[in-house]
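Heads up, the sequence shown is in my numbering, so the first residue is 8 and it goes up one at a time.
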Amino acid sequence: MLYYKNKDVITMNKIKKPIMKLISKVVNSVTQEVTAGGDSAPFEPADNLRLMCRKMGAEGVVMLKNINGVLPLTKDNIVSVFGRVQNDTFYVGYGSGGDVKVPYKVSIMDGLRNNHFININEELAAVYEKWCKENPVDDGFWGHWPMCYEEMSVSRELAVRAASKSDTAVVVIGRAAGEDRENKLEEGSYYLTDNEKLMLTEVTAAFKNVVVLLNCGSVIDMAELYAYGDKISSILYIWQNGMETGNCVADILTGIETPSGKLTDTIAIDYADYPSSDDFGGRLSNDYTEDIYVGYRYFETFAKSKVIYPFGFGLSYTTFEISDSKLEVETDCVTVTAKVKNTGRFKGKEVVQIYCCAPCGRLGKPARILAGFAKTKCLEPAEEENITISFALSSLASYDDEKEFSYILEKGKYKFYIGSDVRKAERFGEYELAEDVVTEKLAQTAAARSEFKRLKADENYNKVYSHVPTAQYSLKQIILDNLPEEIERTDEKLSFSDVRDGKVTLDAFVATLNNEELEAISRGDYVMNSPLGTPGNAAVFGGVLPSLREKGIPAITTTDGPSGIRLKAKASLMPIGTAVASSWNLEGAYELYREVGLEMVQLGSDVLLAPGINIHRNPLCGRNFEYYSEDPYLTGKMAAAVVKGLQSAGVSACPKHFACNNQEVNRTHNDSRLSERALREIYLKGFEICVKEAQPWNIMTSYNKINGVWGHYNYELCVRILRGEWGFKGSIMTDWWMRSSKSPEFPKLADQAYRVRAGVNVLMPGGGRTGKRKPDGTLLRTLGKEGGITLGELQQNAKYILNYALNSSAMNKE
Ligand code: BGC
C-alpha cells in the first residue's frame, strides 16, 4: 500500500525518470483520493478574504534594492518579463502546508495583465507562453517535488530584441519550498542555475533597468545577485502569496501599494556564514552549538561584516524620518514613543523597530535583541504619526541555565535603539539597573542530556565556548509526585451538553466514561480523511465512538494549515507564513486569519493545524516557508495575532510543531540537542508568547526529539513548561503518527501509555501506519497494574480534550 505522505515506503532516489513519472502519476492519484478528490463544486472566496490576501501579500513583499527610481513603474514604461515563473508561478510551498484546492490562482503575468496600467512587451510574453506550454512543469509527488522549474534559455537576440521594444526588464526567479525535505546547497535550490545566470547576464547586458523578483519560499543565496551590482536596479522578495500572488506583485510594481515588508531573517554573504551551517542536516542529531546566537543575534554580535541585508531591512518608494523618540520605564513596563514622518513623494508605511543592547554580563548576551515594533498606517507625503511601543523589561531577561535556573535581568545599562532595521537603529535611550533582578524563578527543565560545547559572548563580545549544562534531576520522581488523582467512577447517564449548560461538572461527566471510551478519546479516528469529519480532513478526534457521540461529544474536524484550509472542497490559498510575517503587520495578520476562521466555519473545519511557529534556524530548512522568522519575538507576536484572528471566528488554531522542528531531514528520528537557555529564549519563546497572549485551544507536538526525548513523549515540555509554567488550558495532539518507544523512567509504559503519561493528549490521526482501524492496545495494557498507567491519568487526559471540545465550533454546531 502507498501512503500518500510516507516517504519511507517508497524511496525514489535511484529510480529513473520515466519510472518516476509513472509513479508520480499513481501517487498523485492516490493522494487525491485520500485528501482531495478534486471537488468540482463552485466556490467563491469572500470578498474580504480576497482583499486581505492581496493586501497582506503585497505588504509582505520586501524590496532590497531600488536605484535610479526604476520602481514604481509609470504608465510610460513598457515591460519585458523574463523567466517562466511569470506563468508557472509558485503560489505556496509543497506539502501539508500548501495543499489547498484553490478556486483560482493569479499568476505573475495574469496579475500584470489585470493591471491595465502596465504595458507589457506582448511579443516576449508570447514567446514564454509558447515555451511554457511546450515544456510543461511536473510537480512530482510527496517529498519529490521540483526545487525549481527548468528555465528557458535566453539568447542574446531575444534580450536585445526585447530591449528594442521596451525600457524595463522584469526577471522572475522561482524556487519551490516543501515539507519532508530540505532546500539544497545546489544550483536550482539555494543557488542560481546556469540558465538563470545566462538570463540575468543577457538581460542586464541589453537593459539599463532590470527588476528582479524572487518568487521563493525562503531566502536563497544573494551573493550572486549582489555581484551584478548596479546592472540590477531593483530586487524584491515577493515570496509566495497564494491565490492573489500576481495581483500583489502588480500592486507593488505600479505603486498602488508601496513596499513596506521587512526581512524576518538576516541575509548573509555566504551559506557558511550562518552560525548553524556546521550543525544542520545531521541525520540523527544536531548540536545547537550556536546556542542563543541565532540569526542577527549572532551576526550583530560577532560577524557584522558577513551580512548583505540585515534583519528588519526593507526599502520603500518613499522615505521616513523617525524623531522625538522617548523612553519611559515604569517598574516592568517599557514605553517608547516616537514620531514618524513621511518625508518622500509617495504614500507608504514604515515599521519602527526597537532593539536593546542589554548588559553582556556573567551570562553573556547578544549585542542586539528585538524588543518591540510597530507599523504605521499608510502615511501620505509629509504626513506624521505618533507611535507608541510597549513591552516588558522582563522580556529582555536572560535565562540562567547554569546556577539559578531563573530569568535574570543582569545589572548594568540597557541601551535602546530605534530605526527601520537592526543595523540602522540608533541609540535613543537607556535604563540602568543597579542590581541583578530575578524576573522569574524556575527549575531546570528539558535540559541537555548530551555533552557538547556552546557559544557564548564574553564581556567584550568575543566568542567563547563552554560545556552545556546537563540535566541534574530525576524526571521519574517529578512525574510520580504529580500524578493526578482518580475521579471516582459512577454509572450515571449524563450528557455532555449538560456540562456545557453548567448543569453538571466536567469531572462528574468524566466519571461516567469507561476504559474503552477513555482510550478512544485519547486518539483520533485512525485515518486521515475520516468519514466522521468533513471530507478531506487531516483527522477527526473527540466523538470517535458511537457511544461517545450518543453522549453528545462531537467529532472534531482538523485540517491543515497554515496557508489555507486543506479539504476535499475548494478553499482560499493564503500567502505563506514568511510573507505574512514580513509584513510586520499584526492587525493585518489578525484580520487575514479572522477571514480564514470564517471560511473554516463555512467549510466545516474546527481546527486549523496552524500557525507554524518553528524558528528559521537555517536557510535550508524545507519548511521555513510555513514559519515566520529567525527571531522568536516577531514569531510569537505574529503567531498570537494569527491565533486570535482564527479563534475570534469561533474555531481553533493549533500552533505547531512543539518544539525544535528546525529541519526536515530524517525529521521523525532527528534529535535537536540544545541548552535549556537556547530552548527557552529562542525555540520555545515564540510558543510562549503565543500561548500567553492568544490561548490557542490546541497545540501540536513535533516529530523530532528534543534533548533525546520525542516531542510526543516530552513530559518536560508539555506538562512542566506548557501547562505548568505558561498555563496552557487546551489539548495537545501529536504530529501525524508517532514513533514506538518505551518510557526510560517507567519501563512498563510503551507507546500510548508513555505518551499519555507525558501529557500528550491525542494521537493523530489515531492509528498506526498499517492502516488498521483498531487501538494498538498499549494504553490500557498496564491500566491498574503495578507501575502502569493510572485511571487518574486517563481521566485527566480526557478532561483536557473535553474541555476544548466544550468550547469547540463542533460542539456549538450540535
Ligand atoms: C505535518 C504537520 C501536518 C500534519 C497533517 C505532518 O506531516 O508535519 O504539520 O499538520 O502532517 O497533515
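Even glycine gets a Cβ: it sits at the ideal position worked out from N, Cα and C.
Every alpha helix (DSSP H) stretch that sits fully inside the stretch 97-134 and reaches 4 residues is listed by chain position as 115-121. Restricting attention to GLU357, TRP149 and LYS806, the CA atom closest to the CA of PHE503 is found in LYS806. If you draw a straight line from the Cα of SER413 to the Cα of ASN489, it is about 22 angstroms long. In this chain, the beta strand (DSSP E) harbouring LEU440 covers 433-440.
With a cutoff of 8 angstroms, GLY571 does not count as near the ligand BGC, since its C-beta is closer than that to no heavy atom of the ligand.
Here the alpha carbons of LYS372 and TYR468 stand approximately 8 angstroms from one another. The shortest C-alpha to C-alpha distance from GLY436 to any of GLY643, GLU335 and ASN248 is the one to GLU335.
Distances from the CB of ASP532 to the heavy atoms of the ligand BGC are all 8 angstroms or more.
The C-beta of ILE563 has 16 or more other C-beta atoms within 10 Å across all chains shown, which makes the residue buried.
When DSSP states are grouped into helix, strand and coil, ILE560 belongs to the coil group. Contact check between the stretch 351-363 and the stretch 444-459: fewer than three CB pairs, one atom from each, fall below 8 angstroms, which does not count as touching.
Assigned with DSSP and collapsed to three states, HIS474 falls in strand.
Short note on ALA310: C-beta not closer than 8 angstroms to any heavy atom of the ligand BGC. Nearest in C-alpha terms to VAL608, of all of LYS420, LEU653, ALA701 and SER225, is LEU653. Taken atom to atom, the span from the alpha-carbon of MET745 to that of HIS719 is near 7 angstroms. Rounded to the nearest whole angstrom, the C-alpha separation of TRP149 and ARG776 is 16 angstroms. Taking C-beta separations shorter than 6 angstroms and ignoring five residues to either side along the sequence, the partners of ASP532 in its chain run LEU539, VAL547, VAL551 and GLY773, following chain order. Using a C-beta cut-off of 8 angstroms, the stretch 438-450 makes no contact with the stretch 274-294, since fewer than three inter-stretch Cβ pairs fall below that distance. Just measuring C-alpha positions, the residue of VAL763, LEU513, LEU58 and TYR111 sitting nearest LYS558 is LEU513. Between ALA169 and SER162, the alpha-carbon positions lie close to 11 angstroms from each other. Setting aside the 5 residues that flank it on each side, LYS755 is surrounded in the same chain by THR789, GLY794 and GLY795, each with a C-beta closer than 6 angstroms to its C-beta; the list follows chain order. If you check the CB distance, ILE572 and VAL534 do not come in under 9 angstroms.
Of the residues assessed, GLY791 falls on the exposed side of the cut-off, its CB having fewer than 16 other CB atoms within 10 angstroms. Partner residues in the beta bridge of THR342, as assigned by DSSP, are GLU335 and SER397. The Cβ atoms of GLY595 and LYS62 sit closer than 9 angstroms to each other. Per DSSP, the unbroken beta strand (DSSP E) holding GLN360 starts and ends at 358-364. Within the chosen limit of 8 angstroms, the ligand BGC does not reach the beta carbon of MET229 with any heavy atom. The three-state secondary structure of LYS313, taken from DSSP, is helix. MET707: member of the beta strand (DSSP E) spanning 705-707, first to last residue.
For the alpha helix (DSSP H) assignment, the uninterrupted runs of no fewer than 4 residues enclosed by the stretch 631-688 are, from N- to C-terminal side, 639-655. In this model, GLU752 and GLU492 are separated by some 20 angstroms (Cα to Cα).
Restricting attention to ASP758, PRO476 and SER225, the CA atom closest to the CA of SER529 is found in ASP758. The residue among LEU686, VAL210, GLN247 and SER405 with its C-alpha nearest the C-alpha of THR96 is GLN247. GLY302 is the residue among GLY302, LEU386 and LYS575 whose C-alpha sits nearest the C-alpha of TYR640. Beta bridge pairing from DSSP links GLU392 with VAL347.
Contact annotation, ASN705 with TYR811: C-beta distance approximately 6 angstroms; criterion of less than 8 angstroms satisfied.
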